[in-house]
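Quick mapping for you: the protein sequence lines, in order, are chains E and R. Under the working numbering, the first residue of the first sequence carries the number 1275, and numbering increases by one thereafter. Under the working numbering, the first residue of the second sequence carries the number 4, and numbering increases by one thereafter. For each residue, glycine too, the CB sits at the ideal point set by N, CA and C. This report refers to the structure that appears directly beneath it.
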Amino acid sequence: MFARIVTSALFAGATAGLLIALLQYAFVQPVLLHAELYETGTLVHFGAAPVSAIQDVSGFDPLRDLLSVLFTMLTYCGYAMILVALMGVAEERGADITLRNGMIWGLMGFIAAHLAPAFSLPPEVPGVAAADVLLRQYWWFATVATAAVAMWLIAFHFTMVGVGAAIVLLLLPHIIGAPQPAEFTGPVPTEIGALFASRALSVGLAAWIILGAFCAYFWTKEGEAA
Amino acid sequence: MKTTAATMTVEDHASASRTGLASAFFALILGVGIIAVTGHVQAAALHDAAHDMRHATGFPCH
């Protein structure tokens, strides 16, 4: 089973990751590059002269952009490893894994790994003020883990107790609260920050649905081959 | 004879299920490890290489 999980996760993660990297390159990266013009001081918000909202950030930086593609593929291979492992456990316990419900697996993955932490730590545009990175990472991992357990409970223990526990697990990290900065120092216009967060989350949603479908596809394909 | 066969089947099934759970557990740990390295480790070279992806994927970056 280990070989089946790893093989299907690597296929799913690499192929989905490539598509996701292209989506990020087309829709998220231009907003990030625009923000960096303010982060580096090339543009100054509320400076002496008004700044045009339209900036040319096109262009392909081979090393930087190819590294982004590579790391996106690797990251989604990691997520695929987790998703396929859980699909394997669910299948052993009697669940059917299909291409269509794979997309729902992906949606649940998006809620756990992307939406739940973003509720209190929104995707950061470069240059924003933020609390200590290590504290935010601890909070991020804890929030993703509790949200993932909550998704599992909703999917496979749909009882009063299961759903009640899921709601508590989903709310708890936000009631405790994410590490927040002491003061706001970001030089980037809020319009860019809002667009960045919304693009990152929307592309993340598409990413996870693609990943879920690919994981289910390769998992069932590898099962037939064995 | 029949009892033995039935017992074996149950044992085999339980053993296969244990192997399955162990496999899933190790794959899960491996997955979390990959996410930690690509998305969270703050070593300068890794951070710079993964920078844009970390922002786009909503990981805490700086």
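Where T60/R and A1499/E are concerned, what is the direct C-alpha to C-alpha distance, given to the nearest angstrom?
-> For this step, residue 60/R is matched to residue 57 along the second sequence. For this step, residue 1499/E is matched to residue 225 along the first sequence. If you draw a straight line from the Cα of T60/R to the Cα of A1499/E, it is about 33 Å long.
Examine the Cβ distances between the segment 1468-1478 of chain E and the segment 1389-1402 of chain E and report whether three or more of them are shorter than 8 Å.
-> In short, these stretches touch, since the Cβ pair count reaches three.
Starting from R1374/E and walking both ways along the alpha helix (DSSP H), at which residues does that stretch end?
-> The residue you call residue 1374/E lines up with position 100 of the first sequence. Where R1374/E is concerned, the enclosing alpha helix (DSSP H) stretches over L1373 to F1384.
Could you check the C-alpha separation between L1341/E and A53/R for me, to the nearest Å?
-> In the first sequence, counting from the first residue as 1, residue 1341/E sits at position 67. In the second sequence, counting from the first residue as 1, residue 53/R sits at position 50. Counting only the Cα atoms, A53/R lies some 7 Å from L1341/E.
Which value, in whole angstroms, describes the spacing of the CA atoms of L49/R and A17/R?
-> Residue 49/R sits at position 46 when you count from the first residue of the second sequence. Residue 17/R sits at position 14 when you count from the first residue of the second sequence. Their Cα atoms are separated by approximately 42 Å.
Chain-order list of residues whose beta-carbon lies under 6 Å from that of L1317/E (same chain, five-residue window excluded) | The residue you call residue 1317/E lines up with position 43 of the first sequence. Cβ neighbours of L1317/E within its own chain (closer than 6 Å, five residues either side excluded): L1311 and V1325.
With 8 Å set as the bound, which would you pick, yes or no: does the beta-carbon of G1352/E sit closer than that to a beta-carbon of chain R?
-> To locate residue 1352/E, count along the first sequence from 1; it is residue 78. Yes, G1352/E lies at the interface with chain R (some Cβ there is under 8 Å from its Cβ).
E1313/E versus Y1353/E: straight-line alpha-carbon distance, rounded | Your numbering for residue 1313/E matches position 39 in the first sequence. Your numbering for residue 1353/E matches position 79 in the first sequence. Spanning the two alpha carbons is a distance of roughly 30 Å.
Tell me, to the nearest whole angstrom, how far the beta carbon of L1443/E is from that of T1420/E; I am working on the premise that it is less than 8 Å.
-> As a first step, residue 1443/E must be located in the first sequence, where it is residue number 169. As a first step, residue 1420/E must be located in the first sequence, where it is residue number 146. That belief holds up - the Cβ atoms of L1443/E and T1420/E are roughly 4 Å apart, short of 8 Å.
Between F62/R and the rest of its own chain, which residues show a CB-CB distance below 6 Å, the 5 nearest in sequence each way excluded?
-> Taking the second sequence and counting its residues from 1, the one referred to as residue 62/R is at position 59. Hits under 6 Å: G42.
Who are the Cβ neighbours of F1384/E in its own chain at under 8 Å, not counting the five residues just before and after it?
-> On the first sequence, position 110 is the one that residue 1384/E refers to. Same-chain partners within the cutoff: G1478, L1479, A1481, W1482 and I1483.
So is S18/R in contact with chain E if we call contact Cβ pairs under 8 Å?
-> Locating residue 18/R in the second sequence gives position 15, where the first residue counts as 1. No, S18/R does not count as interfacial toward chain E.
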